[in-house]
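Residue 116 in my numbering sits at position 110 of the sequence shown, with consecutive numbering throughout. For every residue, glycine included, the Cβ atom is placed at its ideal position computed from N, Cα and C.
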Amino acid sequence: MAYEESVLKRLRRISAQLRLDILEMIPPGKVGHLGGSSSIADVVAALYFHHMRVNPKDVADPKRDRLVFSKGHAVLAQYAALVELGIVDRSELPKVKTLDGVLQGHPDMDKTPGIEAVTGSLGQGLSISVGMALALRLDGSDSRVYTVCGDGELSEGQIWEAAMAADVFKLDNITAIVDWNGIQATGCTAEIFLIGKLADKWHAFGWNVIEIDGHDMVSILNGLESAKAHKGQPSVLLAKTVKGKGFSFAEGKAAFHNAGLTEEQFALGREEMRKMLQEVDA
7 MAYEESVLKR
17 LRRISAQLRL
27 DILEMIPPGK
37 VGHLGGSSSI
47 ADVVAALYFH
57 HMRVNPKDVA
67 DPKRDRLVFS
77 KGHAVLAQYA
87 ALVELGIVDR
97 SELPKVKTLD
107 GVLQGHPDMD
117 KTPGIEAVTG
127 SLGQGLSISV
137 GMALALRLDG
147 SDSRVYTVCG
157 DGELSEGQIW
167 EAAMAADVFK
177 LDNITAIVDW
187 NGIQATGCTA
197 EIFLIGKLAD
207 KWHAFGWNVI
217 EIDGHDMVSI
227 LNGLESAKAH
237 KGQPSVLLAK
247 TVKGKGFSFA
257 EGKAAFHNAG
267 LTEEQFALGR
277 EEMRKMLQEV
287 DA
């Protein structure tokens, strides 16, 4: 599908802004999940600012689409989107992971407007999403559920129980998105717990499988549209991404799964994101 360059430029700019917001949430002296938040930022931009049905003036609008971060540790990317949408005030960014703020270290639907589920115990988000998708079907709603999973998270058995259930109930109103960056908390996923042949596995569990480049906006948008158009099966986007995308000191490094930044790294990250914004605007 073809997209106007103005649309793509806007989404690329938002992606860069989301990464800058993520950085602002973890200044020196604070530890945060830079790597997995920045790897999914482009997908989050496409979802919130183009593809999903979202009402910033009414986060409880029953007609809304739902986004669940099963890999709840990467919720900084979702927080950034909520700030850019005006759902959460920008003043909350420096308060992340403090008792004074509404943005906790993992998603909290009671504290944060726009959050659909409490997640962070890996493997549970897809099950919650299956329940949501079933409820929406019972209500006769055309709203959709999107679930972001980590590739390391796929070693959790509950993911596959939920995958089987989605197939049994033919939930074509749910789309899982796997942030396939190849790195988890302490190293490469292939070395820690080799899953392998992800496409074949999801196919075997009855899902419509779509492989995309998780940093190419056209690929992301086409994947989301293909999933939405597909009927009779749940769909999964296997999004090839880079851990720490956009931050030269963090790209592809497990050390930045959850880490503190030095003053030099923080300053460099700001410089790189501001340069990226300038390049998009040029």
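Contact check, ILE201 vs LEU160 under 8 Å by CB: the rounded distance?
5 Å
Please classify LYS77: is it buried, with 16 or more other beta-carbons within 10 angstroms of its beta-carbon, or exposed?
buried
Determine the closest residue to GLY158 out of GLY120, LEU177, GLU197, with distance taken between C-alpha atoms.
GLU197
Throw me the rounded Cβ distance for the LYS249 and GLY35 pair, which I believe falls under 8 Å.
Not a contact, Cβ separation roughly 23 Å.
Check GLU217 in the structure and name its three-state DSSP category.
In the structure shown, GLU217 sits in a strand (DSSP, three-state: E or B).
Considering only DSSP beta bridges, list what TYR152 is partnered with.
Beta-bridge partners of TYR152 (DSSP): LEU73, THR181.
Within 8 Å, do at least three Cβ pairs link the stretch 118-126 to the stretch 65-76?
Cβ pair count under 8 Å is three or more, so yes.
Give the secondary structure of GLY174 by DSSP, where H, G and I count as helix, E and B as strand, and everything else as coil.
Contrary to the premise, residue 174 reads as Val rather than Gly in this sequence. DSSP places VAL174 within a helical segment (H, G or I) once states are collapsed to three.
ILE28 and SER45 closer than 8 Å at C-beta
no
Local conformation of ALA205 per DSSP, three classes:
ALA205: helix per DSSP, three-state reduction.
The alpha helix (DSSP H) with SER135 in it runs from where to where?
131-144
Closest Cα partner of ASP173 within the set SER147, PHE199, GLN164, TRP208:
TRP208
Out of LEU17, TYR9, MET7, which one is the CA nearest neighbour of ASP287?
LEU17
From the DSSP output, in three-state form, read off ILE28 for me.
helix
Whole angstroms are fine: how far does the CA of GLU269 sit from the CA of SER149?
44 Å
Suppose the cutoff is 6 Å on Cβ atoms and the five residues either side in sequence are ignored; what does the same chain contact list for HIS263 look like?
Closer than 6 Å at Cβ, skipping near neighbours: GLY41, ALA191.
Which residue from LEU177, VAL13, ARG25 puts its Cα closest to that of MET275?
In the sequence as displayed, the identity of residue 275 is Gly instead of Met. Minimum Cα distance to GLY275 is reached at ARG25.
So SER147 packs on ILE180, CB below 8 Å; how close in whole Å?
Their Cβ separation, rounded to whole angstroms, is 13 Å, which puts SER147 and ILE180 out of contact at 8 Å.
Which class does ILE198 belong to by DSSP, given the choice of helix, strand or coil?
helix
Residue environment, LYS281, which counts as buried when at least 16 other CB atoms sit within 10 Å
exposed
Going along the chain, which residues of its own chain have a beta-carbon closer than 6 Å to the beta-carbon of ALA139, five neighbours each way excluded?
VAL151, LEU177, ASN179, ILE180
Backbone CA spacing between GLY266 and PRO33 [nearest angstrom]:
Distance between the alpha carbons of GLY266 and PRO33: 8 Å.
Rounded to a whole number of angstroms, what is the C-alpha to C-alpha distance between SER12 and ASP67?
28 Å
Which first and last residues belong to the alpha helix (DSSP H) in which SER2 is found?
The structure shown does not extend to residue 2, since the chain is modelled only from 7 through 288, so no value can be given for it.
Short Cβ contact (8 Å threshold) for LEU105 with VAL89:
No, they are not a contact pair.
Taking all protein chains shown into account, decide if SER225 is buried (16 or more other Cβ within 10 angstroms of its Cβ) or exposed.
buried
Give me the Cβ distance between GLU162 and GLY129, rounded to the nearest whole Å; I'm assuming they're in contact under 8 Å.
3 Å
Do GLY38 and LEU82 have their C-beta atoms within less than 8 Å of each other?
yes
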